[in-house]
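J.: One structure, pasted below without further comment.
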Amino acid sequence: MSSVKVKICGVRDEETAVAAARARADFVGVVFVPSSPRYVEPAVARRLAVAIADAGAIPVAVVRLPLEPEARQALEAFSIVQFHGNESPADLHAYKSLECWKGLGFSPDSVGDWLAGGTAARLVVDGPEAGSGERWDLTEFAALDARMRARCLLAGGLDPSSVAAAVRAARPWGVDVSSGVESTRGIKDHARIAAFIDAAKSA
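Position in the sequence shown (from 1) plus 57 gives the number in the numbering used here.
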């Protein structure tokens, strides 16, 4: 059985992007949402996408609609786009040339509805307040059908000390982390990134 996939999200510089990829991250996320402390300008996002791919990981653009023209053009450097706003399944049709992921707060119904909708290849499943970085009860997620969990990345409150237990308890396809590998808000710690990836994949 292959190990869990790992996405390190919210990188802002090439050194960190390459460090994450070299530490065996499968995906590295770049945030296009201006209100986020992890936001990067579209021109920077393009450069990061190239650096991530060259280092052996897959770059993921994290967006919220509507997109400015410059941001939409920058998506050309990415093969995966993760929507993290109030999008509906229909909103994703305009981006069908890319692999579309959807970030959402967990409920069994919301996961079922999005997977049934057919526009999202993967779901990044977070706690009730998605993006807060808070831990949440994984019991209901772990009880989902294995075919549903096989299309989900688990997010929310994960860090190097908690991710292995979360993977064993919930058995997701992947895990996603941002604040849990930061030294201060918006600033990634390379040692924590490596420790997180090792813990997740060893679980």
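Every residue gets a Cβ at the ideal spot worked out from N, C-alpha and C, and that includes glycine.
Measuring only the C-alpha atoms, how far is Leu-195 from Asp-183?
T.: If you take the alpha carbons of Leu-195 and Asp-183, they lie about 10 angstroms apart.
J.: Residues in the same chain with beta-carbon distance under 7 angstroms from Ile-250, minus the five sequence neighbours each way, listed in chain order, please.
T.: If we look at Ile-250 and ignore the five residues flanking it on each side, its Cβ neighbours are Ile-65, Ala-76, Ala-77, Ala-80 and Val-238.
J.: Ordered along the chain, which non-local residues of its own chain (more than five positions away) have a Cβ less than 6 angstroms from that of Gly-243?
T.: The answer, listed in chain order, is Pro-94 and Arg-95.
J.: Straight-line CA distance for Met-58 to Ser-259?
T.: Unreliable placement is indicated for Met-58, whose pLDDT of 48 sits below 50; no coordinate value is reported for it.
J.: Could you name each continuous beta strand (DSSP E) segment of 3 residues or more that falls completely within the stretch 180 to 249, going from the start of the chain to the end?
T.: Runs of the beta strand (DSSP E) inside the stretch 180 to 249: 209 to 211, 231 to 234 and 239 to 241.
J.: Looking at Cys-157 and Phe-135, is the spacing between their C-beta atoms short of 8 angstroms?
T.: No, they are not a contact pair.
J.: If I'm right that Gly-214 touches Arg-192 with Cβ under 8 angstroms, what's the distance once you round it to whole angstroms?
T.: Yes, Gly-214 and Arg-192 are in contact; Cβ-Cβ is about 3 angstroms, under 8 angstroms.
J.: Between which residues of its own chain and Ala-110 is the CB-CB distance below 8 angstroms, once the five residues before and five after are set aside?
T.: These residues qualify, in order along the chain: Pro-116.
J.: Please tell me whether Phe-135 has its Cβ less than 8 angstroms away from any Cβ of chain B.
T.: No chain B is part of this structure, which consists of one protein chain only.
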